[in-house]
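S.K.: Take this structure, written in structure tokens, and hold onto it; I'll ask about it next.
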Amino acid sequence: MNATDFVQRWQRKANESQDCFDCFFSAWIALVIKARGHLNERQLSAPDTDRIAIIQYFDERAEAVVAVLGKMPEQVAWLAARKGTGTGQPILDVQPFSPQHLRQKFDELALVWSGQATRKPRCVAIATAEMINHIRNNMFHGVKAPDDAADRELLERVNSILMGILDV
């Protein structure tokens with residue numbers, strides 16, 4: 129079985145899932161497999177490979193990523209208006225132990241998605257990749273809870289974006 133087959137199987141599992149956490153997990157795995165296929169040997173042996181692969185994947189497809197986002201105005205408007213449940217900052221909380229460049233990326237993304245600012249497609253695509261990766265980190269490290277209504281709504285909104293990007 130090749131990587132394309134694995135991507136399709138995980139993507140199908142995500143599409144069939146009735147649970148937003150299961151859908152995100154399956155879509156994330158599909159995205160990682162798809163994105164890692166574009167890395168060279170040196171990149172594959174480096175730390176933080178999945179994040180790097182996904183950022184590179186979004187960057188290389190920036191126009192297509194922005195087009196997917198443009199077809200989901202309700203999702204991006206909701207995300208732009210969302211405040212993290214812990215800090216009240218735009219889109220997602222960025223904890224002190226998280227990379228601090230994320231706070232600026234999420235602030236800018238909220239401005240772009242609310243129509244208050246413009247950025248080049250590469251900037252929006254990379255910030256979107258960072259957002260999805262940060263949600264993954266929060267989910268995989270126990271910050272997101274399956275019984276939390278705000279977490280479920282966030283994942284439901286992001287899942288449609290993630291599934292759309294898997295098709296580019």
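Per my numbering, the very first residue in the sequence shown carries number 129; after that it's consecutive. Ideal placement from N, C-alpha and C gives every residue a C-beta, glycine not left out. Note that this is a predicted model, so its numbers are computed, not measured.
Please state the DSSP three-state secondary structure of Lys141.
M.R.: Reduced to three states, the DSSP call for Lys141 is helix.
S.K.: In chain order, which continuous runs of the alpha helix (DSSP H) of length 4 or greater are located wholly inside the segment 172-254?
M.R.: DSSP runs (the alpha helix (DSSP H)) wholly in the segment 172-254: 177-188, 190-198, 201-209 and 229-241.
S.K.: I'd like to check one pair, Ala163 with Ala190: are the Cβ atoms closer than 8 angstroms?
M.R.: It is not a contact, given that the beta carbons lie outside the stated cut-off.
S.K.: Beta carbon of Ile260, beta carbon of Gln203: below 8 angstroms?
M.R.: Not closer than 8 angstroms, so no.
S.K.: Between which residues of its own chain and Thr246 is the CB-CB distance below 6 angstroms, once the five residues before and five after are set aside?
M.R.: Same-chain partners within the cutoff: there are none.
S.K.: So, helix, strand or coil for Gln146, using DSSP?
M.R.: Gln146: coil per DSSP, three-state reduction.
S.K.: Given a threshold of 16 other Cβ atoms within 10 Å of its Cβ, counted over all protein chains shown, does Lys233 qualify as buried or as exposed?
M.R.: With 16 or more Cβ atoms within 10 Å of its Cβ, Lys233 is classed as buried.
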